[in-house]
Amino acid sequence: MAERSFAKEVQKLRMGAGEEFSGEGILAITKALLENGVGYVGGYQGAPISHLMDVLSDAQEILGELGVHFEASASEATATAMLSASVHYPVRGAVTYKSVVGTNVASDALANLASGGVTGGALIICGEDYGEGSSIMQERSHAFAMKSQVWLLDPRPNVPSIVKCVGDGFALSEVSNTPVMMQVRIRCCHVHGSFIASDNRKPEFSVRDAMENPRRDTARIVLPPASFLHEKEKLESRKPAAIKFLKDNKINEFLGGATGKIGIVMQGGMYNGVIRALQRMGLANAWGDTDVPLYVMNCVYPVVEDEFLEFCEGKDAVLIVEEGHPDYLEQNFAHILYKAGRTLHLGGKDVLPMGGEYTGKVMLDGISAFVRDHAPEMLAAPLRAPNREEDAGSVPDLTGKIPGRPPGFCVGCPERPIFAATKLVEEEMGKHHISSDIGCHLFSSMPPFELGATTMGYGLGPASASAFHADGARRTISFVGDGGFWHNGLTSSIGNAVFNKSDGVIIVVDNFYSAATGGQDILSSRATNKTKQTQNSITSAVKGMGVKWVRQIDHTYDVGKMRATLKEALTTDMEGPKVIVASSECMLNKQRRVKPQMNKAIKDGERVIKPRFGVDEDVCTGDHACMRLSGCPSLSVKTLDDPLRDDPVASIDQNCVGCGNCGEVADAAVLCPSFYRADVVHNPNERDRRRDRFRKRVIGWLQTRRESGRLVFQEA
Numbered sequence: 000m001a002e003r004s005f006a007k008e009v010q011k012l013r014m015g016a017g018e019e020f021s022g023e024g025i026l027a028i029t030k031a032l033l034e035n036g037v038g039y040v041g042g043y044q045g046a047p048i049s050h051l052m053d054v055l056s057d058a059q060e061i062l063g064e065l066g067v068h069f070e071a072s073a074s075e076a077t078a079t080a081m082l083s084a085s086v087h088y089p090v091r092g093a094v095t096y097k098s099v100v101g102t103n104v105a106s107d108a109l110a111n112l113a114s115g116g117v118t119g120g121a122l123i124i125c126g127e128d129y130g131e132g133s134s135i136m137q138e139r140s141h142a143f144a145m146k147s148q149v150w151l152l153d154p155r156p157n158v159p160s161i162v163k164c165v166g167d168g169f170a171l172s173e174v175s176n177t178p179v180m181m182q183v184r185i186r187c188c189h190v191h192g193s194f195i196a197s198d199n200r201k202p203e204f205s206v207r208d209a210m211e212n213p214r215r216d217t218a219r220i221v222l223p224p225a226s227f228l229h230e231k232e233k234l235e236s237r238k239p240a241a242i243k244f245l246k247d248n249k250i251n252e253f254l255g256g257a258t259g260k261i262g263i264v265m266q267g268g269m270y271n272g273v274i275r276a277l278q279r280m281g282l283a284n285a286w287g288d289t290d291v292p293l294y295v296m297n298c299v300y301p302v303v304e305d306e307f308l309e310f311c312e313g314k315d316a317v318l319i320v321e322e323g324h325p326d327y328l329e330q331n332f333a334h335i336l337y338k339a340g341r342t343l344h345l346g347g348k349d350v351l352p353m354g355g356e357y358t359g360k361v362m363l364d365g366i367s368a369f370v371r372d373h374a375p376e377m378l379a380a381p382l383r384a385p386n387r388e389e390d391a392g393s394v395p396d397l398t399g400k401i402p403g404r405p406p407g408f409c410v411g412c413p414e415r416p417i418f419a420a421t422k423l424v425e426e427e428m429g430k431h432h433i434s435s436d437i438g439c440h441l442f443s444s445m446p447p448f449e450l451g452a453t454t455m456g457y458g459l460g461p462a463s464a465s466a467f468h469a470d471g472a473r474r475t476i477s478f479v480g481d482g483g484f485w486h487n488g489l490t491s492s493i494g495n496a497v498f499n500k501s502d503g504v505i506i507v508v509d510n511f512y513s514a515a516t517g518g519q520d521i522l523s524s525r526a527t528n529k530t531k532q533t534q535n536s537i538t539s540a541v542k543g544m545g546v547k548w549v550r551q552i553d554h555t556y557d558v559g560k561m562r563a564t565l566k567e568a569l570t571t572d573m574e575g576p577k578v579i580v581a582s583s584e585c586m587l588n589k590q591r592r593v594k595p596q597m598n599k600a601i602k603d604g605e606r607v608i609k610p611r612f613g614v615d616e617d618v619c620t621g622d623h624a625c626m627r628l629s630g631c632p633s634l635s636v637k638t639l640d641d642p643l644r645d646d647p648v649a650s651i652d653q654n655c656v657g658c659g660n661c662g663e664v665a666d667a668a669v670l671c672p673s674f675y676r677a678d679v680v681h682n683p684n685e686r687d688r689r690r691d692r693f694r695k696r697v698i699g700w701l702q703t704r705r706e707s708g709r710l711v712f713q714e715a
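Mapping the sequence shown onto numbering that gives the first Met the number 0, position 383 (from 1) lands on 382, and the numbers just tick up by one.
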């Protein structure tokens, strides 16, 4: 169950020639794939590209009508290996994954695919995830393109350019027999716009055709001596063909003024930011018209040397706007100028940051500095009168004024009690080395839990603890999520631990979905999926891999049981890895599923019980230990009006989903009895009403008795 359904939006994919298609970037990419006769599509989800997989999943009926095969791949390596269908057959294929973790995982398959080359068009749609809002390490896909000699497109972030880029990517791949990467940043994925649609095309050569007419070419298999010839082919045939295609089809754009003493070269994805900076400087109007010459690289690798030198003709200075580190383009262009004997000033990382995201302020400051240094007269006669209030003063520095927002678990998350239990065990047995993994459970490294020392890759949490193996030493604890378990963990972590007789404890955090990427179904999902086989047991897979000590917990909110099981795993005499499969449904996905059902039942007059939790203000001491072992966003503090109570007490707000974790933690840690549960009954029956009347009478009698006791005390 993905976090968002595109069931309605995908109907736009049926639009034909001449109709105006409007929508989000990821929807436009899907439409472009269908218009260009794609034969098969695969991929693995991850921000900012997760929604593209969701769109494809919701569009399977339409894909099927066109004879297009779609599957959600087990990993990015699986997705890239899928493109081998285009090696011998003229069938167009596309896969999608998040970079740079996606390109890391896919690199082995990508290198082999690039070595043998392709016959059909092979397009890799890569969600470039770079900058302060990224959830991954700050690296770039550009390095993988250069390493494996695949071509890298970077379209301007508007819907028509994105759609055109898909077609250009397929054509470029076919004419150069090379896979093509198309990187789309978050603004590109989620930008809204429109374009004039074309008819969808069935694949000219389908996967069915390939299956019925098998082919093979030994020269395309990556094996010596062919692999040595592949390298020669890349340099002597494929790359020249690619450069010719880029020039003939004007993939890179010359915009702005035709002449001028300065110019700006940019990655295609940086275009909007550059134009906005020029607007704020008074050098561009609201439609993006500018006298500043611009060279927009919708293909950033390979570089077309002739085009760059042509752009530099007659200029004193050129600025390279290249987001990220290292500065691959700037180094390449400097080398080109040196070989050509040109002496113009090449700016870039001297006025723009070496690393980090190129935000609006960064662009404005960097481009302004470049223009002031090399063409100050342009600022004296702008295309429009600048807004002095907006442009004269820079964006205020809010560093230190706005509190940080570290990632944390959702309200009611079933993973929170797992880490509460871990903290309780450590209080009793001492600290352990803990290895974390990619996924929601990595949030345990943040307060209030502060668990976990490393994270080495998706599914590699237990593997990253493999060096800690010494007889008699305190056992290590490692975590892996269910998504990471199926992605890479079963073999590289569990299998590795079994083979090497690891003595550590492995906790598989099973929340029924690939939750961190948007709630997509996986092998062990409990839901029934009409196009996928789900409900495959993690416990059975672990036992099949050879683990002898396995415990399954089906209700992680039972903190006492979680603590006892973990303690048993850390103290048992059994040799080999100890695996705990801790299972409870992701609360976010559960609420998406259950809330509409409950609201409908209430509307239909059915009896529905909703649990609510609260804190007895008279009992709570204000110790707040419950928060230090929970961290739930719905668990907060409240200051009382009582002058005799200085400390604020615990309080549960309206966001509570009734998971009961706070009360379980308080009970397991022997904290206090201030937590209570109240069941709210909607559409009560007669029995509920009688029970309610009886309770009110008893409570009223007790309240009257207490008040009369107070009066007696006062009179005495």
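C-beta: ideal position from N, C-alpha, C; glycine also.
All values reported here derive from a predicted model rather than from experimental measurement.
Between E19 and I195, the C-beta gap is smaller than 8 Å, which places the two residues in contact.
Counting along the chain, S160 sits inside the alpha helix (DSSP H) bounded by residues V158 to S175.
In the DSSP assignment, F143 falls within the alpha helix (DSSP H) that extends over H141 to S147. Look at R606 here: in three-state DSSP terms it is coil, with no helix or strand label. Under the DSSP assignment, M455 falls outside any alpha helix (DSSP H); it carries neither an H nor an E label. In the displayed model, L152 falls within a strand according to three-state DSSP. Between N103 and M52, the alpha-carbon positions lie close to 19 Å from each other. Measuring C-alpha to C-alpha distances from M181 to each of A209, K531 and K163 identifies K163 as the nearest. For I28, the closest alpha carbon among the candidates G17, H50 and E427 is that of H50. Annotation: T516 to S523 spans about 16 Å, alpha carbon to alpha carbon.
A distance below 6 Å between beta-carbons, with the five flanking residues on each side excluded, links L587 to the following residues of its chain, in chain order: C409. Between the alpha carbons of A209 and G36 lies a gap of roughly 15 Å.
Counted as a single uninterrupted DSSP element, the beta strand (DSSP E) harbouring Y294 occupies residues L293 to M296.
Close CB contacts of D216 within its chain, under the 7 Å cut and outside five residues either way in sequence, are with H87 (chain order).
Going by beta carbons, I48 and G130 fall outside the 8 Å limit. The beta carbons of N660 and P416 sit about 5 Å from each other, so the pair counts as a contact at 8 Å.
In this structure, the CA atom of W548 is about 25 Å from the CA atom of Y512.
If only complete runs of 4 or more residues are kept, the region 4–35 shows the alpha helix (DSSP H) at 24–34, in order along the chain. Contact check for L109 and F169: beta-carbon distance about 18 Å, past the 8 Å limit, so the pair fails to qualify.
At a Cβ-Cβ threshold of 8 Å, I537 and F478 do not count as neighbours. Contact between H440 and V508 holds, since their C-beta atoms are separated by about 5 Å, short of 8 Å. Just so you know, the alpha carbons of G429 and A368 end up roughly 56 Å apart. Within the region 249–280, complete beta strand (DSSP E) segments of at least 3 residues are found at 252–254 and 261–266, given in chain order. Boundaries of the beta strand (DSSP E) around Q182: V179 to V183.
Look at L634 here: in three-state DSSP terms it is strand. In the DSSP assignment, F674 falls within the unbroken beta strand (DSSP E) covering F674 to H681.
The count of Cβ pairs closer than 8 Å, one atom from the region 148–155 and one from the region 199–207, stays below three, leaving the stretches out of contact. Checking the DSSP bridge columns, you'll see S523 has no partner listed. Of the residues assessed, H334 falls on the exposed side of the cut-off, its CB having fewer than 16 other CB atoms within 10 angstroms. Straight across, the Cα-Cα distance linking G403 with T358 is about 18 Å.
T289 has A283 as its beta-bridge partners, per DSSP. By the Cβ criterion, the region 500–507 is in contact with the region 469–478, since at least three pairs of Cβ atoms, one from each stretch, lie closer than 8 Å.
Taking a C-beta distance under 8 Å as the contact criterion, D288 and G259 do not qualify as a contact pair. About 6 Å separates the CB atoms of A649 and C625; that is less than 8 Å, so the two are in contact. In the three-state DSSP reduction, T95 falls in the strand class (E or B). For Y300, DSSP records a beta bridge to L151.
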